[in-house]
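Student:
Numbering (my numbering), first residue to last: 506 to 1210.
1. For a minimum of 4 consecutive residues, which ranges assigned as the alpha helix (DSSP H) are wholly contained in the segment 873 to 932?
2. Rounded to a whole number of angstroms, what is the C-alpha to C-alpha distance between residue 564 and residue 600?
3. Am I right that residue 977 and residue 903 are in contact with their C-beta atoms under 8 Å? What's the rounded C-beta distance?
4. Report the rounded CA-to-CA distance for residue 948 versus residue 864, giving the unit in angstroms.
5. Which term fits residue 513, buried or exposed, when burial requires 16 or more other beta carbons within 10 angstroms of its beta carbon?
6. Cα separation between residue 1162 and residue 1173?
7. Using the beta-carbon count (16 or more within 10 Å), is residue 464 buried or exposed?
8. Would you mind reading off the limits of the alpha helix (DSSP H) that contains residue 1246?
9. Around the C-beta of residue 911, are 16 or more other C-beta atoms found within 10 angstroms, so that it is buried, or is it exposed?
10. Between the Cα of residue 1207 and those of 1197, 1181 and 1196, spot the shortest distance and give me the residue it belongs to.
11. DSSP three-state label for residue 941, please.
12. From the DSSP output, which residues share a beta bridge with residue 700?
13. Any idea which residues DSSP pairs residue 749 with across the strands?
14. Quick check: residue 974 and residue 918, are their CB atoms within less than 7 Å of each other?
15. Any beta carbon of chain B sitting closer than 7 Å to that of residue 975?
16. Compute the distance between the beta-carbons of residue 963 and residue 944, then report whether it is under 7 Å.
17. For residue 543 versus residue 575, is the C-beta spacing smaller than 7 Å?
18. Could you pull the start and end residues of the beta strand (DSSP E) that residue 656 belongs to?
19. For the alpha helix (DSSP H) containing residue 618, name the first residue and the last one.
20. Would you tell me roughly how many angstroms separate the C-alpha atoms of residue 765 and residue 684, rounded to the nearest one?
21. Helix, strand or coil for residue 852? Go by DSSP, reduced to three states.
22. Could you tell me the alpha carbon to alpha carbon distance between residue 892 and residue 882, rounded to whole angstroms?
23. For residue 760, which residues of its own chain have a beta-carbon under 7 Å away from its beta-carbon, when the five flanking residues on both sides are left out?
24. Starting from the C-beta of residue 536, find all residues in its chain whose C-beta is less than 8 Å away, skip the five residues before and the five after it, and write them out in chain order.
25. Exposed or buried, which one is residue 452 when buried takes at least 16 other CB atoms within 10 Å?
26. What is the rounded straight-line gap between the Cα of residue 611 and the Cα of residue 628?
27. Once you ignore the five residues that flank residue 1189 on each side, which residues in its own chain have a CB closer than 8 Å to its CB?
28. Over the uninterrupted alpha helix (DSSP H) stretch that includes residue 541, give me the two end residues.
29. By Cβ distance, which residues of its chain are closer than 7 Å to residue 1221, with the 5 residues on each side in sequence left out?
30. Under DSSP, the beta strand (DSSP E) around residue 1183 begins and ends at which residues?
31. Three or more beta-carbon pairs under 8 Å between the segment 798 to 813 and the segment 705 to 716, yes or no?
32. From which residue to which residue does the beta strand (DSSP E) around residue 1158 run?
33. Are the CB atoms of residue 751 and residue 733 within a distance shorter than 7 Å?
34. What does DSSP give as the partner residues of residue 467 in its beta bridges?
35. Taking only the alpha-carbon atoms, compute the straight-line gap between residue 698 and residue 717 and give it to the nearest angstrom.
36. Beta-carbon within less than 8 Å of residue 585's beta-carbon, same chain only, minus the 5 sequence neighbours each way: which residues are those?
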C-alpha cells in the first residue's frame, strides 16, 4: 500500500514536470510561429505598398507624393519593428531553452531525492554536480537578462536609425532590388529583380525575384557588362527614380527603377552614372504668339476678370480645370471661333479658368515675356544691395525689351497692380502675385539647380514691377553711365527710349558664363565670391562730388589720385575748394565727412541720401551716378589701396537664411547683425547675432550705419 501511494505521488509530480515542459512548448515555441506568421504578413504588405508607391505617376501633385512618402515611411517602420520582434523572439526562445528545460529536470531530480530514501545516497554523490549546475544555471539566467536588455536596446537603435544599410557584401560595389522595364506587345511591364554590381570589371548581375510569391522566375542569373549609365529625365517617362544602362552585346537600353531617389543616387555613384544632356529648344525671332490675336485674347480675359472677379479669393493662385483651360485658349486664339467667346458667362468659364488661361498662354510663348537674353541681368538687378539700385536697374532692363514684349508686360503688370488693390478681399498681395507670376514671366532657359535657387529673385522682380508700375512704364530710365557693350536690336517705342546695355556692379555673385547677348546662351553659373573690377569704359560724371577718406589718403595709388584730379576741374564750378589741397571742402556740414572702408557701403549711403533728400546738393541725377560710383571706385581704389583696418558695422538681413554648417549664421528677414566686418571668404561677411559669431552671405544683408 505504501509502495502504491509512493508511486502515485511520484507519478503526480512527474505529471507536473511534463505539464511544465508542455507549457514551455505551447507558450514559447508556438509564439515563434505566431511571430513568423506576422512577419510574413508584414513582408507581403510592405512589398505591395512599395509597388503601389513606385507606380505613382511623376506628374502627380506634390501633396499627394508627400503623403505617399510619409505613408510608406510609416509602413517601413512597422515592417522593421515586426522583423526585429521576430528576431528577438527567436533569440529569446533559444536562450530560454538553456535554463527552462534544465530547471524542470533538476526539479524532477529533487522530487526523486525527496520521495525515495535511496535518493539520499545519490544526492550525496551528485551534490557537487548539482551545486555547479545551479551556479551555471544562475549565470545563464543572468546572462540571458543582460543579453535581452542589450538586444532590446540594439533593436531600438536600429529603429531610430532611419538610414538604411547600404554597404554591399561579398565583394559587390552595390546590391539591392530594382525594377526592370520590359517592353511587351501591348505595353510595358516592370519586373522586380535582385541585382548586384561589381565596379572592378563592370559586371551587372540580375535575378528576377519577387518576395511576395517567394519564387524565382528563372533559376539562373543573367550576367551583363555595363558600358554606360545615364539618369532618366523625368520628362521622358512616367515613372520616378529611373536610370538607363547600356550593356555590351545588346543594342537596346535597359531602364531600371530604383526604390527611392537616394537609392538611385547610390546606384548611379556605383556605376559612375551621368546626368542626361538637355537639348535646348530651337528659338527663333518669330514672335507669332505675341500677335494681335494674342493681345486681344489677353485683353478680353483681363477685362472679364476686372469686371467680375477682382474680389474672388485666391485669384491667380487657384487653378482651373485643365480641360476647360485648354478649351478657352483654343477658342480665344482661333481666328474663326474667338468672336463667339463669351467670358461674361460665369457658368461657361469660371474666373479661375480665365486666370489659368492667361498664365498658360504666357508659359506657352516661344520665349518668356522678359526674354532669356535679359534673364540673368534681371536676377542680378534683384540682388542689388540698395533698393534704389534695384528699381533703377530693373527700370532700365524693362525698357530694353522688344516692343511687343514691353507692351504685353505693361498690360500684365497694370492688371496685377489692379488685382493687388483688392488684396483685402482676394488675399492676393503683391508678394503672392510675385510668386504666381515670377516663373511665368521669367522662366529660365535651362532647369538647373542655380535656376531653382534664383526663383525667389524672379518673384522680387515682379514685386518691384507692380509696386513701381507708374515709374517703370510711365517714364524712361535715367541715362546710363556705361557705354554700350553689345548690339541690341530694338523696335522704337513711343513710350520709351532705346537704352544700351549697362553693367550693374554688385557684390552678390560672379558670373562665370557672362555672355548673355544671345537667347541661346547657356544659363550662367554663379560662384560665391565678389565680382572682379569692371572693364567697361565710363562716361564722365555730369555732377562730380569728391569723397575723402583719411585712412585711404596715404595708401591710395595713382589711380585714385587720377580720379580726384579729373574731378577737380568740375569742382571749381560747383563746390568751393579749400585752401589746403589735402583737405577737401566739407559737404556734410559740421558733422564732417564720414569714413567708409567699403566702397559698396559708400555707394549705398550715397543712394540713401538721394532717396531721403538729406543733402540739397544731390539731385535726382545722383541716381544714375550710384551704379558707376560703385563700379568705378571699386575698380580703381579697392584694387590699389593697402588693406585698411577692419571697421565693425551693423547690417540688416533681407532674406531668410539657413546655416549649412556651424561656421555660418541662421537668420530671418529684418534682423540686425552687429560687429560686421569683412571675411577671408569671398562674398561673405563675419558678424555676431544673438551672441554667436559666424559667416553671413554678403548679398543677403544691407548696411544700415
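Positions of the beta carbon are idealized from the N, C-alpha and C atoms, including for glycine.
Tutor: With the structure as the only source:
1. Within the segment 873 to 932, the complete alpha helix (DSSP H) segments of 4 residues or longer fall at 880 to 887, 892 to 903, 908 to 925 and 928 to 931, listed in chain order.
2. Residue 564 and residue 600 have their alpha carbons spaced roughly 53 Å apart.
3. Contact between residue 977 and residue 903 holds, with the beta-carbon distance rounding to 6 Å and staying under 8 Å.
4. Distance from the CA of residue 948 to the CA of residue 864, rounded to the nearest whole angstrom, comes to 12 Å.
5. That one is exposed.
6. Taking the straight line joining both Cα atoms gives about 7 Å.
7. Outside the displayed span of the chain (506 to 1210) sits residue 464, for which this structure offers no information.
8. In the structure as shown, the chain begins at 506 and stops at 1210. Residue 1246 is therefore absent and cannot be evaluated.
9. Counting every other CB atom within 10 Å of its CB across the protein chains shown gives residue 911 a total of 16 or more, marking it as buried.
10. Nearest to residue 1207 by C-alpha distance, out of 1197, 1181 and 1196, is 1181.
11. Residue 941 falls in the helix class under three-state DSSP.
12. Looking at the DSSP output, residue 700 shares a beta bridge with 681 and 711.
13. Per DSSP, 735 and 760.
14. In this structure, residue 918 lies closer than 7 Å to residue 974 by Cβ.
15. Protein chain content of the structure displayed is limited to a single chain, and chain B is not contained in it.
16. Contact: yes.
17. In this structure, residue 543 lies away from residue 575, with their beta-carbon atoms at least 7 Å apart.
18. From DSSP, residue 656 is part of no beta strand (DSSP E) but of the alpha helix (DSSP H) over 632 to 665.
19. Judged by DSSP secondary structure, residue 618 falls within the alpha helix (DSSP H) whose first and last residues are 567 to 620.
20. Roughly 12 Å between the two C-alpha positions.
21. Of the three classes helix, strand and coil, the one that applies to residue 852 here is coil, per DSSP.
22. When rounded, the distance between both Cα atoms is 16 Å.
23. Excluding sequence neighbours, residue 760 sits near 686, 737, 747 and 749.
24. 594 and 598, listed in sequence order.
25. No information on residue 452 is available, as it lies outside the stretch 506 to 1210 that the chain covers here.
26. Those two C-alpha atoms are separated by around 12 Å.
27. Excluding residues up to 5 positions away in sequence, 1033, 1200, 1201, 1202 and 1203 lie with their Cβ nearer than 8 Å to the Cβ of residue 1189 in the same chain.
28. From DSSP, the alpha helix (DSSP H) with residue 541 extends over 535 to 559.
29. Because the chain here runs from 506 to 1210, residue 1221 falls outside it and cannot be looked at.
30. In the DSSP annotation of this structure, the continuous segment of the beta strand (DSSP E) that includes residue 1183 starts and ends at 1177 to 1183.
31. The segment 798 to 813 makes no contact with the segment 705 to 716: fewer than 3 CB pairs, one atom from each, lie closer than 8 Å.
32. Per DSSP, residue 1158 belongs to the beta strand (DSSP E) from 1154 to 1158.
33. The answer is yes: Cβ separation under 7 Å.
34. Shown here, the chain extends from 506 to 1210; a query on residue 467 therefore has no answer.
35. Roughly 13 Å between the two C-alpha positions.
36. Closer than 8 Å at Cβ, skipping near neighbours: 663 and 664.
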